[in-house]
Each structure stands twice: as C-alpha cells, then as structure tokens.
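Number of protein chains: 2
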Amino acid sequence: MKYSKLFGKTLRQPPKDATTVNHRLLTQAGYVEQLMAGVYTYLPLGLRVLTNIARVVREEMNLIDAQEILMPTLHPKANWEITKGWSNIDVLFKLKSRTDKEYALGQSEEEVVTPLVKGRISTYKDLPLCLYQIHWKYRDELRAKSGILRGREFFMKDLYSFHDTQEDFQRFYEIAKKTYLKIFKRLGLTAKVTEASGGGFSEKISYEFIVLTDAGEDTILYCDSCDFCVNVDIAKLKLGDLCASCKKSKLKQAKGSEVGNVFDLGQKYCKDFDITITGRDGEKIHPIMGCYGIGISRIMGVIVEKYNDKNGILWPKEATPYQMHLVGIGLDNKDILSKTHETYRKLQNKNVEILYDDRVDVSPGEKFADADLIGIPVRLVVSKKTGDKIEYKERDKEKTEMLSLEEVVKKVHV
Amino acid sequence: MKYSKLFGKTLRQPPKDATTVNHRLLTQAGYVEQLMAGVYTYLPLGLRVLTNIARVVREEMNLIDAQEILMPTLHPKANWEITKGWSNIDVLFKLKSRTDKEYALGQSEEEVVTPLVKGRISTYKDLPLCLYQIHWKYRDELRAKSGILRGREFFMKDLYSFHDTQEDFQRFYEIAKKTYLKIFKRLGLTAKVTEASGGGFSEKISYEFIVLTDAGEDTILYCDSCDFCVNVDIAKLKLGDLCASCKKSKLKQAKGSEVGNVFDLGQKYCKDFDITITGRDGEKIHPIMGCYGIGISRIMGVIVEKYNDKNGILWPKEATPYQMHLVGIGLDNKDILSKTHETYRKLQNKNVEILYDDRVDVSPGEKFADADLIGIPVRLVVSKKTGDKIEYKERDKEKTEMLSLEEVVKKVHV
C-alpha cells in the first residue's frame, strides 16, 4: 500500500477527548475514528489489525474442532423472556419495529444458540458440540470511556459448548484454557486466569483471562510464586495477605483488562429452552453448557496499552497491519524514486506485506515519526546513502543494519 | 470436514413456512436457519458460502483501488437528522439507550462515511477516493418473506466514492459497472443493468443490477437485441413496445432480483455535512458522491433461485462451501473405510476443500440424495467397486468417470 493513497493518515494532534492511550494512539496513527463514545470506525490500517487478531482466534478455534457459524444481531424478545434476560440484563439494547415487534440486539447469544441446537442433538453421542462465531456485539454501557477497550459495539469471538456431563465440560474447559493462553501469547499478551463470579449469567464460578495493564477496569490480586489469581470483587483476601494457594509469597495487586472469559452455564439454558437428550445410561438429561468469550477489538486496545513508547505503537508480528514499513528518502531524485519503487515492487512480489511511504514532499524526520507512530515492527529505508542495500531497523531497537533485498525477505519469516 | 461431525445436517423435511426456493433449499440442506422472518443464522456450510461471495467481492474491490474500512452499526441520531433520513426513511431502525440517547441502526452509511471523510480531504488532488465496507445492515422491512433475498438484517458491500467533477464520477461509474458485472459473472450470474429512480437517496438517476429470476421482487422490461433494460416502476414503456434504444425488438417483461445498485448522490451529502475542497481552478467546491451496493447474502439466495433442480442446489465454483463432496460407500468394511479415509487425507494434503460423508450407518441412496441436496459441484465416491480409482461426477451431469487421485486433483483447478 502506498502511503500517499492511504485513507486514514496520521494526525498531527492527538484527539482532544482521548483519556486512554489506546484511544489516543489508535486515533492519531490513523487506525480508528470515534463516531461517538464507545463506537468506532475502523480505518484501513485498523481493519487489518482487527482482521489479523480474528484470524489468529479463528485458526486456534478450528484446531480444537469448534465449528464457525454466524448468528443474527436482531433477536426476538420472546427468546430473551424465556431466559429472563429481557428484564434482568441492564446492558441489553432493545428496539421496536414499526409494527411494534420487539427485538434485543445481541450482546451474548445463548438465547439464539440454544434453540438452534434444539432438534439437532438427541443423544450424548452428538456431544461434545462446540459452536463459535466472530461477530459484533452491542451493550448499552453507561460509561464507555476507555477507547476500544469497552465499546457499546465491539468485535468478539463467542463459543458455546454442549456436554452430557460436568466432567466433560471440565475436560473441554482445560482445552479451551490452553487455547486461550496460546492465542494471547501469539498476540504478545500474557494473561492471568482468575476465578470470578458469574455475573448475570450463572450462579456458578467463571474464569477470567486478565492482561495486566494500568488502563484495565479490573483489579486483581495475584501471587508471583504460583498461578494464583483472583478478582478483588470476589476475593476474601487483600493486598499483602499470604497466597492462599502456595503460601509462599504475599499477594500483589494490579489493574488488568479482561480479554477473555469462560462461564460454566450449567443446565440453565437447556432447561429454559427444554432441550433433553439421551444420556450414557439411557436416561433423559439436559446438556451442560459453557460459554467462552474473547474480546477481539478489546485485544487490539490492550495490545496498544501494553506496547507503546513515547513515539507510538509497537505491534506484535501477528497483529501488525503490514509486515514492513518502507520509507523512501529523497524521492524528488528520479534515481532514488525508481530504486525505491523497485524495492517496493520486488518485496510485494515476495509476498511481503508492505506499507510504502512514497510521499515526495515530506521530510525524512516526519516520515520516521509517522513510521514510529504507526508502529509496524520493521522499518526499511531506501535513500541516496543506502546504495544497493536497504536500511533495516526493528521498531523496538535502536540498531540499524544494511541488508540486501534477499536478506530482508528472510527476516520476514524469522 | 467430516459430515458425521458437521453441525447443520440436511433435514428430512423442508421447513413448513418456506415460500421461496432459497429459503426451502438453504434450510433443508443445512445452510441457514431462520430465527424469525428476515433474520437468519448461517450454519457452517452457509457461512462458508457467504464468506466466499464476500471474498470475490473484496478481491474485485481491491483491484479498483477501493480501500476497505468498517463503519459502526450504531449511528447517532444527529447525523441522520442532518440528512433528514431520521424522519424520511421508513425502514430505519431506531433505538434508545437507557440514558435516552437515540441511535439508528446502519441501513446505509452516508451519514457516517461523509463526516468521516471531512477533514481528511482538502483538495481535488485527494480525489477520487473510494471507501467500501462489507458489513451487516438493518432495515425495518414491513414484509420479509423471500428467504435471504430480503432480510431485516443482511450482509452487504457498500462503497462510497468522492469526486471533484461529474465527469470523474461518470468515469468511475463505468469502472464500477464493469467490476460489478465481473463479480456477478464469477458467481455464475448474468445481471442486466437498468436505470431506475433514486429512491429516498437522490433525485438523480440510479442504476440497478438485476438478475432474472421468478423469485425476484422487481419487474423489468428488457430488449433481446441490445442492452436496453428498465425497471417498470419508472418505465414510460410497456411489454410489447418497440425497444426505445435499438428499435429492433419488442420489449419483454421479466421478474428479477436486484443484486447491486449505484446511486449518483450528487453533492447532497457533502452539502449536508459541509465538506468543501479546493477544485482544479482554485475554487471551493462540494465533492460529488456515488454509492455502490452489492447484496452479498442476497446473491447467495439468488444463486440458489437460479441454480437448483428437483434434487437440490448446484453451486457455482466460486461460491461452493467445499470444492468436492467425498462419499464413502460400505464403510462398515474396514478396508474400504481405511481407503476412503486415506483418500480424504490425501486430497486435504493437496489443499482440496472436501466435505467427507463418513457416516457408517447411512445407505448409499441417502448419501447421494444429501450430496445432491447440498449441491457441491463435484461428487467423489469410494466403494468396493472403485478399486484403486475414485468415481468422479459433476453435480450438473449424469456421467461418471473413474479417475486416479492425481486426476481428481487436476480437475479442481480446471
């Protein structure tokens, strides 16, 4: 992509209403634009990042034999009355058609996926069944001031699993947990797993996957010596108490952002929608359900909160909108112009995804500042000085190297 | 994908409430499930088709240098008041937050894309600018009874172009028209281009891309001797009149379904949102806008309306959920089972997308009927009879051939 043509260039000034790092940097670097609080347009660079994160999630979901479907956003009121969500869930957006039909906007999809499964499973042999979707969700948040960390509309992966026994749910939970941690790791994030209350969903325990960041809305207590971690909302412990699990260290407290969660839904929804199947001993049972979320747009925000410096963003490789950022210096000189164009073309032919700053009337300093702000992991420079080589620099390092085109291509797949 | 594991198997009976071929076949074959009138869940097979159609559209949009973005579904009331759409557009879904903020659900995005562009273009040199998105749209339809042809929520590509002159809009319209016809052709559809009224959008003329099908909601007059085609809604002609263009043939009448449209929006939205740029002669001008839609979920429905027989669907190659449908016959025999599994594995390793009917307890007749109903273009059979070959049959032909695995793989890319 030629930067001169790119829609959504960097802005000279950060947005005035930005109170969080992700809102400020993503807006200034040309990734998103806020339409109103909690509602954002994704510009070309931003959509590429969002799509990359979704791709990582999708790849890992498919590896655990979850099947992708796509459920509607408009839900009939009747389904939400059956589960009592219509009156109990305060963040549920509701609307009426002109013929006074009432709908909810999807904020979670138990009310759709459970009746969908009804009639399509009849015995324990049909289970476990894991269905997921990657779709937009809508929540009537009272406050939506954390950039894309907490949106009134947000992009999410939600998976629903159906099991004949609690043991099978627990078995699958362990698989999902591993997969979640792998997903976050691929995206440069280390998540702590807490036990928390089930919110409106369930009386049962739920699990939260929290990435430590000062912009987070959750507060957790955690132990440095073991995996123990708990949300302060439900903790019977406090900062400085001895770890309840390993008893080796004193608990620390930190802010974090929830990037994923798992709810043990028990039989609630299968009872609500009257789903029975034949169990292993021939008896009629209600299946047990689990719900597993990953906030995709939120992860994009959390990455920015974690990976930034005074100059801009530093994208992890799997999330970056382009693999390399090629900067041409001195493009008013015909020879350098054609050499830089040629480098761009050759790298494209090698399937390297390149953002190419081809602007003629912009100073080197401004181009380098834009490259740092945008945050692609590798910056390449072609100029009078670089001869038949290319200057190669990683976003998080000071050091530059002079490499041949072939050497640059090899670096992509390191 | 192993059919035994697939969520969304074929149904023995068509749905009772289906009045259109696409609703009936897509439901019975396991592609979609209606949640309520005009609102559908896409099951794994259906989502693959929808994704394929979107991929074709995206590829062609990128070729004409349109840039993909993603705009929100929740729109602030203020934007729709500026354009008068809030009170004038009867299909606009409206909702309120619990703090009485009012929103519209996106049914078209001029109200978002125009202010988005403001401040990011300042001179004619920044134009033409073409932005598109592929996203769900919401329309409060009074009647939504045509399966996925007319949904209350539907998947759509919408592109917006900005120009400094009417001539440049016209130049780009011709490019877009060619691209649209190419997209439809890749998806097995031949569209006629009509001129029609601009609906609520514009006083200006608009263009509709209509595929002839009895399930369509539009009626058009067309000429067999030339490209002349007009929607009866605005035609001053009638069935049997001499073609107004070539004067060679009498006009025919047919039903059709609109799969795409183009609106010449003129300066309306740029005036509404007060966008001025510097024109070629240094004067201040309002840019001219065009809007270009393609109904992706609708195309999926139209394909089914066009390509079906008494046994089921016949997918075009670019839309089909899988490239080949492998049927194992006699899988209770260990040798045949392992030979069929081996064939499946080898074809997968050759990157052939395969739906593999691995069911043991189902008769050959039922498997063949399911394959015809699902409508993948190629059916492969491995059985006792096929020896070290594979029986190859195309969905729209009676003839079967015995091919080696290598020969089967070669057929994929014909």
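So the protein sequences, as listed, match chains A and B. Residue numbers are given in UniProt numbering: position 270 of the first sequence equals residue 270, and the series is strictly consecutive. Residue numbers are given in UniProt numbering: position 156 of the second sequence equals residue 156, and the series is strictly consecutive. The C-beta atom is built at its ideal place from N, Cα and C for all residues, glycine as well.
Distance between beta carbons of residue j and residue i, contact taken as under 8 Å
| i | j | result |
| --- | --- | --- |
| A/G260 | A/A191 | 7 Å |
| A/E318 | A/N52 | 6 Å |
| B/E141 | B/V211 | The pair is not a contact, with the Cβ atoms about 20 Å apart (cut-off 8 Å). |
| A/E71 | A/G293 | Per the sequence shown, the amino acid found at residue 71 of chain A is Met instead of Glu. Between A/G293 and A/M71 the Cβ distance is about 14 Å, and since that is not below 8 Å, they are no contact. |
| A/D358 | A/L331 | 7 Å |
| B/L314 | B/G365 | Contact flag wrong, Cβ pair sits at about 20 Å. |
Residue i versus residue j: straight-line alpha-carbon distance, rounded
| i | j | result |
| --- | --- | --- |
| B/S202 | B/E110 | Caution is warranted here: a pLDDT of 48 is assigned to B/S202, below 50, making its placement in the model unreliable, and no coordinate value can be reported. |
| A/I82 | A/V112 | 11 Å |
| A/R143 | A/E33 | 18 Å |
| A/D372 | A/K238 | 40 Å |
| A/Y207 | A/V193 | 7 Å |
| A/G198 | A/R345 | No answer about A/G198 holds up, because its pLDDT of 48 lies below 50 and its placement is not dependable. |
| A/K5 | A/G290 | 46 Å |
| B/D218 | B/D264 | 20 Å |
| A/T400 | A/S363 | 20 Å |
| B/K178 | A/K410 | 39 Å |
| A/Y42 | A/G30 | 9 Å |
| A/Q267 | A/I288 | 5 Å |
| B/D388 | B/E398 | 22 Å |
| A/V382 | A/R150 | 40 Å |
| B/Q170 | A/I148 | 38 Å |
| A/L95 | A/K101 | 8 Å |
| B/I277 | A/P76 | 46 Å |
| A/V302 | A/T213 | 8 Å |
| A/I175 | B/K2 | 21 Å |
| A/A54 | B/K385 | 45 Å |
| B/G8 | B/K306 | 23 Å |
| A/Q166 | A/I275 | 16 Å |
| B/G46 | B/L26 | 8 Å |
Check whether residue i and residue j have beta carbons under 8 Å apart
| i | j | result |
| --- | --- | --- |
| B/T320 | B/G328 | no |
| A/V57 | A/I296 | yes |
| B/K310 | B/H286 | no |
| B/Y269 | B/T114 | yes |
| B/V378 | B/H325 | yes |
| residue 420 of chain A | A/F154 | Because residue 420 of chain A is not part of the residues shown, which for chain A are 1 to 414, the question remains open. |
| B/Q107 | B/K137 | yes |
| B/I69 | B/Q133 | yes |
| A/L159 | A/M61 | yes |
| A/G216 | A/S257 | yes |
| A/P14 | B/Q67 | no |
| A/R244 | A/I220 | The sequence shown places Ala at residue 244 of chain A, rather than the Arg named in the question. Not closer than 8 Å, so no. |
| B/G240 | B/K250 | yes |
| B/L50 | B/T73 | no |
| A/D164 | A/L127 | yes |
| A/C246 | A/C223 | yes |
Assigned secondary structure, residue i (DSSP; H/G/I helix, E/B strand, else coil)
| i | result |
| --- | --- |
| A/N38 | Checking the displayed sequence, the identity of residue 38 of chain A turns out to be Gly instead of Asn. Residue state, collapsed to three classes: coil. |
| A/P364 | helix |
| B/D388 | coil |
| B/F155 | strand |
| B/G256 | strand |
| A/H23 | helix |
| B/K77 | helix |
| B/V49 | helix |
| A/I234 | coil |
| B/M402 | strand |
| B/A29 | coil |
| B/D372 | helix |
| B/S161 | strand |
| B/E68 | strand |
| B/G8 | coil |
| B/F201 | The predicted model places B/F201 with a pLDDT of 47, which falls under 50 and marks its position as unreliable; any figure quoted below should be read in that light. Coil, per DSSP. |
| A/K84 | coil |
| A/E174 | helix |
| A/T194 | strand |
| B/C243 | coil |
| B/K182 | helix |
Contiguous beta strand (DSSP E) assignments of at least 3 residues, all confined to the region 276-352 of chain A: 288-295, 324-328
4 or more residues per run - each alpha helix (DSSP H) lying fully within the region 92-135 of chain A: 110-117
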